[in-house]
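Since the structure comes first, as C-alpha cells, the remarks are kept for the end.
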Amino acid sequence: MVRLTADLIWKSPHFFNAIKDRELDLRGNKIAVIENLGATEDQFDTIDLTDNEIVKLENFPFMNRLGTLLINNNRITRINPNIGEFLPNLHTLILTNNRLVNLVEIDPLASLPNLKFLSLLDNNITKKPNYRLYVIHKLKHLRLLDFRKVKHKERMEAAKLFATKEAEEAAKKVPAKTFTPGEVKDSDNASKPDHGPRVVGPTPEQITAIKAAIVNSQTLEEVARLEKALSTGQIPAEFAVPKKDASNNINNAGKADQMEVDKNENQDSKGNQDEEKQETDGSTPIEEVYQFSRITMTTITAKPYPG
C-alpha cells in the first residue's frame with residue numbers, strides 16, 4: 001500500500017491531454033486512501049486514479065477546477081454524501097470496475113450539480129432491476145450513462161416509475177442478481193439425467209458468419225453477445241443450422257459411433273471381413289470424430305475471437 005503524499009503528487013506525470021485539459025496521472029500506485037490532494041493547488045482539469053486500491057471516494061479538498069475524475073479499476077464501495085460541495089464543477093466520473101452493489105450507494109452523486117457523464121460498468125449495481133432508470137431519475141443532468149446516451153423517453157419512464165418515495169425505496173431493497181457459489185436454481189432439472197441428443201458444435205460457416213457479424217455490429221452489447229457465443233459455443237438463433245440439417249448431422253454421428261462399436265465387437269470373429277467392410281463403408285472412425293470435435297471446441301473456448 002502506498003500513501004498519496006504531496007511528494008508523490010509532485011513527482012507524478014502531469015501534462016496536457018488530447019482534449020487540452022491539464023491532467024495529473026496517479027495510475028497504478030496501489031493507493032488505498034485519497035488524501036493530500038490539496039498539494040495539487042487546484043491546478044488540474046483531470047485527475048487519473050485508475051488501477052489503485054481506493055475503497056472510499058472521499059477526502060477531497062475544495063477543487064473548483066477539477067472536471068474529470070478517472071477512478072476505474074479500484075475497490076470503491078462508498079461515496080462521500082457531500083462530494084458535490086468539494087467538486088462543484090465535476091462533469092465526468094468514470095467508476096468502471098469497482099464494488100458498488102446497491103442503488104442507494106450512488107445517491108451521493110446527486111449532489112454533483114454538473115455531472116453529465118458517468119460510467120458504472122462492471123459494478124454489481126448494474127445487475128439491479130431498473131438500475132439505469134434509477135440512476136437517470138437520481139441524476140437529473142446526466143447525458144451519458146455507461147457510454148450510452150440518456151434519451152428523453154428514458155427520463156419520462158424513470159419519472160413515471162419512481163414518481164413516489166415508496167417506489168424509490170422499494171427499488172433500493174431489491175437484491176442484485178449476483179451468483180452464489182453452490183447455488184442451484186432448479187433442483188428438479190438438475191437431478192434429471194440428460195438423455196437428449198448430443199450437441200453439435202458450430203460449423204466453420206457459422207464461425208465465419210459470427211465473426212463477420214461482430215465486425216459489422218453497431219453496439220457494444222451486440223459485440224459482447226456475439227463474442228460470448230464464440231467463446232461458449234452456444235450459437236445464437238440467427239446462426240443456427242436448420243433443424244433438418246442438424247438432425248441429419250446427429251444421426252450421421254450416431255451411425256458412425258454404432259458402426260465403430262459393431263466393428264470392435266466382431267473384430268476377432270470376422271477378421272479380414274471387417275477390414276474389407278471398413279474400406280467399403282466409408283464412415284469416419286469415432287476417434288477422428290472425437291479429436292476433430294475436441295480441437296474445434298478448444299479453439300472456440302480457449303481462443304475467442306478478439307473482436
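For the sequence shown, UniProt numbering assigns the number 1 to the initial residue and increments by one for each residue that follows.
Positions of the beta carbon are idealized from the N, C-alpha and C atoms, including for glycine.
message: So the candidates are Gln218, Ile19, Lys11, Lys56; which of them puts its Cα closest to the Cα of Thr40?
response: Lys11
- prompt: If you compare alpha carbons, which of Ala110, Pro236, Val223, Ser217 is closest to Gln206?
  reply: Pro236
C-alpha distance - Lys68 paired with Leu115, whole-angstrom precision: One point to set straight first is that residue 68 is Thr, not Lys, in the sequence displayed. Thr68 and Leu115: Cα-Cα distance of roughly 10 angstroms.
- prompt: Ala229: buried (16+ other C-beta within 10 angstroms of its C-beta) or exposed?
  reply: buried
- prompt: From what residue to what residue does the beta strand (DSSP E) around Leu118 run?
  reply: 117-119
- request: Go through its chain and collect everything with a Cβ distance to Asn59's Cβ below 6 angstroms, but skip five positions before and after it.
  value: Ile34, Glu35
task: Would you decide whether Asp48 is buried or exposed? Buried here means 16 or more other CB atoms lie within 10 Å of its CB.
output: buried
task: Pick helix, strand or coil for Ile286, following the three-state DSSP scheme.
output: The pLDDT assigned to Ile286 is 45, lower than 50, so where the model puts this residue is not dependable; a value taken from the coordinates is nonetheless given after this. Of the three classes helix, strand and coil, the one that applies to Ile286 here is helix, per DSSP.
- prompt: Distance, Cα to Cα, Pro61 vs Glu238?
  reply: 54 angstroms
task: Kindly give me the distance between the Cβ atoms of Thr50 and Ile71, rounded to whole angstroms, as I take these residues to be in contact under 8 angstroms.
output: 7 angstroms
message: How far does the beta strand (DSSP E) with His14 in it extend, from its first residue to its last?
response: 14-16
message: For Ser125, tell me which candidate among Leu100, Leu226, Arg225, Met1 has the shortest Cα-Cα distance.
response: The amino acid at residue 125 is misidentified as Ser; the sequence shows Ile. Here the closest residue by C-alpha is Leu100.
message: Please tell me whether Asn52 and Lys30 are closer than 8 angstroms, where the distance is taken between their beta carbons.
response: yes
- prompt: Considering only C-alpha positions, which residue in the set Val2, Thr5, Arg27 is nearest to His14?
  reply: Arg27
message: Give me, in chain order, the residues of the same chain whose beta-carbon lies closer than 6 angstroms to that of Leu8; leave out the 5 immediate sequence neighbours on both sides.
response: none
query: His141: which of Leu112, Ser119, Val223, Phe16 sits nearest, CA to CA?
result: Leu112
Chain-order list of residues whose beta-carbon lies under 6 angstroms from that of Phe117 (same chain, five-residue window excluded): Thr92, Leu144
field: Proximity to Gly233 [Cα-Cα], best of Pro204, Asn73, Val215
entry: Pro204
task: Count the other C-beta atoms from every protein chain shown that fall within 10 angstroms of the C-beta of His137, then say buried if there are 16 or more, exposed otherwise.
output: buried
- request: To the nearest angstrom, report how far apart Asn82 and Glu157 are at their CA atoms.
  value: 28 angstroms
Limits of the unbroken alpha helix (DSSP H) element including Glu205: 204-215
message: Using only the alpha-carbon positions, how far apart do Lys151 and Arg132 sit?
response: 11 angstroms
task: Have a look at Tyr134 and Phe162 and give me their C-alpha separation to the nearest angstrom.
output: 8 angstroms
task: Along the alpha helix (DSSP H) that carries Asp7, what are the first and last residues, could you check?
output: 6-11
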